[in-house]
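For reference, the structure is listed below as structure tokens.
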Amino acid sequence: MGLFNNSPRANAAPARKQNRRVQQARPRPVPAPTPVARKPAVTASRAGARVNRRVDAPRAGAKPAIHVPRAGLKNLVAAVPRVGARGRRLLSLAARLAVAVTLAWGVLLAVQASYQFVTTSARFEAKSLVYQATPHVPVDRLQSLLGLEPGTNILAVDTDALQAKIAAEPWVKRASVQRSLPDTLIVEVEEHEAAAALLSGYFYLIDRDGVPFKRLEEGERGELPVITGVDREQLVAGDARAQSAIRRGLDALTAYQQVPRPRLSEVHVDQGGAVALYTAKTGAALRLGRGDVESRLARFDALRAALGERAEQLAVVHLDLDAVPGTPERVVASFLDAEAEAAVLARGAGAHKPASKDIAQEPAAPAPPASGPSKPAKSKGKKKKAASGNKLLPGSRSTTRNESWQKSEK
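Per our numbering, the very first residue in the sequence shown carries number 1114; after that it's consecutive.
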């Protein structure tokens, strides 16, 4: 065979083989690229304008953008769909309220746990008592009033109840109970100071304020004077007249005790406010009346200075005689002892001085003998008494006759 074959079949076969190779070498078709949706540009002027659905609407097939808000209460509330401004405000308020309730509940639980710990801890057990004992509330009496058992927690003690319990004692005027952590109670007690006894149906002790704070018991009076003349019904009813009478008696007693004078046993105040004092040793009555007490006690001091030792024999002294303008003041007195009365009358008869002379200015005279001169002295005393024109003292406690004295104060 030759190199070239002119036969059609021979020439065709190689052509088909060549075409198959050409077809295999053809490049594969490349799919067209998918168009990318562009995000429409938003200018500053269109930031708050309404969206144009035709222009700004996303293209078909494009995935919607997902906006993830930042963490925060306002963002969470704003992300709630289909809720208006009023609804968002309500939700914000509800969320804040829920947070506040949660915090308060947590604080309450913490406080409760702390309280349970301190009220059950042995460190806060009441072990010490600081107290200054008073004359009528000793330490053992106070301990019985407190009634604290061993192991009592100091924070569980009701201090107000203990104060009221201590103050219920008759002699206690004021009480105070305080804690000193971790284990000490401090108790302070102030007692009433008895100024006098009061007789109004029963005997009571009263303080400087005129408050009856307890019934008088045996051995409690001592040398205290007794105030009488206060109506019991007025006292029980809390009438101001009863308190005024007590106050009047205490004022007279205080004024009397400012200067050393004979001890008093009774201070009587009548319904009109007139005061009469009675000495403890001789029972002498000093009638002060309704006026100023101090000026009339000054008259009594002048009388005692003039009589000297014989002042102890006075039975009744009227210090409430107010002088008429232009006339000297008078002090009317009576004596318990006839001998003392005769001595005073003899001294007055031998002085030969006007009756208006101050008795405090007269020199002391010795007592006359019991025989002879006593009768003329008494007769002269009668003349002097008749000349003075003073009436005898009504209701005198003396067994002898009364005598009048005139006194002028310059």
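In this text, a Cβ means the ideal position worked out from N, Cα and C, and glycines have one as well. All of these numbers come straight from a predicted model, not from anything done at the bench.
| Query | Result |
| --- | --- |
| Considering only residues of the stretch 1307-1382, which uninterrupted alpha helix (DSSP H) runs meet the minimum length of 4 residues and lie entirely inside it, listed in chain order? | 1345-1350, 1353-1370 |
| What number of angstroms, rounded off, separates the C-alpha of Gly-1386 from the C-alpha of Thr-1265? | 56 Å |
| Does DSSP put Arg-1201 in a helix, a strand or coil? | helix |
| Have a look at Leu-1210, Ser-1357, Ala-1208 and flag the residue whose alpha-carbon is nearest the alpha-carbon of Val-1525. | Residue coverage of the chain in this structure runs from 1114 to 1523, which leaves residue 1525 outside it and unanswerable. |
| Would you mind giving the Cβ-Cβ distance between Glu-1303 and Arg-1287, rounded to the nearest angstrom? I have them listed as a contact below 8 Å. | 4 Å |
| Helix, strand or coil for Leu-1221, going by three-state DSSP, please let me know. | helix |
| Given this structure, state the Cα-to-Cα distance separating Ile-1279 from Leu-1259, to the nearest angstrom. | 8 Å |
| Ordered along the chain, which non-local residues of its own chain (more than five positions away) have a Cβ less than 6 Å from that of Leu-1312? | Val-1339, Thr-1341 |
| Suppose you measure from the CA of Glu-1301 to the CA of Ala-1389; what does that come to, to the nearest Å? | 40 Å |
| Tell me, please, which residues DSSP counts as bridged to Asp-1299. | Correcting the residue type first, residue 1299 is Ile in the shown sequence and not Asp. Paired residue(s): Val-1243, Gln-1291. |
| Leaving aside the five residues before and after Ser-1289 along the sequence, list all residues of the same chain whose C-beta is less than 6 Å from its C-beta, in chain order. | Glu-1301 |
| Contact between the stretch 1387-1407 and the stretch 1427-1434 is defined here as three or more beta-carbon pairs at a separation below 8 Å; is this criterion met? | yes |
| Which one or two residues does DSSP pair with His-1431 in a beta bridge? | Arg-1400, Val-1445 |
| On the CB-based measure, 16 or more other CB atoms within 10 Å of its CB, does Ile-1299 come out buried or exposed? | exposed |
| Give the straight-line distance between the Cα atoms of Leu-1216 and Leu-1222, rounded to the nearest whole angstrom. | 10 Å |
| Classify Ala-1123 as buried or exposed, calling it buried when 16 or more other Cβ atoms lie within 10 Å of its own Cβ. | Confidence in Ala-1123 is poor, its pLDDT being 49 and thus under 50, which makes the residue's placement unreliable; the coordinate value appears in the next sentence. The residue is exposed, with fewer than 16 neighbouring Cβ atoms inside 10 Å. |
| Around the Cβ of Ser-1484, are there at least 16 other Cβ atoms within 10 angstroms (buried) or fewer (exposed)? | In this prediction, Ser-1484 scores a pLDDT of 39, lower than 50, which makes its location untrustworthy; the coordinate-derived value is nonetheless stated afterwards. Exposed, because fewer than 16 other Cβ atoms sit within 10 Å of the Cβ of Ser-1484. |
| Please list the terminal residues of the continuous beta strand (DSSP E) segment that includes Val-1388. | 1388-1392 |
| Which residues in the same chain as Arg-1376 place their Cβ atom closer than 6 Å to its Cβ, once the five residues preceding and following it in sequence are excluded? | Ala-1393 |
| Less than 7 Å between C-beta atoms, sequence neighbours within five positions excluded: which residues of the same chain meet that for Phe-1413? | Leu-1399, Val-1430, Leu-1432 |
| Kindly indicate the opening and closing residues of the alpha helix (DSSP H) around Ala-1274. | 1272-1280 |
| Using a Cβ-Cβ cutoff of less than 7 Å, which residues in the same chain neighbour Leu-1203 once the five nearest sequence positions on both sides are dropped? | none |
| What is the DSSP secondary structure of Glu-1422, counted as helix, strand or coil? | helix |
| Buried or exposed for Gly-1396, going by 16 or more other Cβ atoms inside 10 Å? | exposed |
| How big is the Cα-Cα spacing for Ile-1267 and Arg-1236? | 10 Å |
| Pull up the distance between the alpha-carbon of Glu-1331 and that of Tyr-1315, whole angstroms please. | 13 Å |
| Just confirm the distance between the C-beta atoms of Arg-1321 and Glu-1333, as a whole number of angstroms; I'd bet it's less than 8 Å. | Actually they do not touch by this definition, with Cβ atoms about 17 Å apart. |
| Please tell me whether Leu-1261 and Ala-1239 are closer than 7 Å, where the distance is taken between their beta carbons. | yes |
| Shortest alpha-carbon distance to Gln-1426 belongs to which of Arg-1417, Pro-1373, Leu-1449? | Leu-1449 |
| Leaving out the 5 sequence neighbours to the left and right, which residues in its chain are closer than 6 Å to Val-1382 when beta-carbon positions are compared? | Gly-1342, Ala-1358, Arg-1361, Gly-1362, Val-1388 |
| Could you spell out where the alpha helix (DSSP H) holding Val-1532 opens and where it closes? | Past the boundaries of the shown model lies residue 1532; the chain is included only from 1114 to 1523, so the question cannot be answered. |
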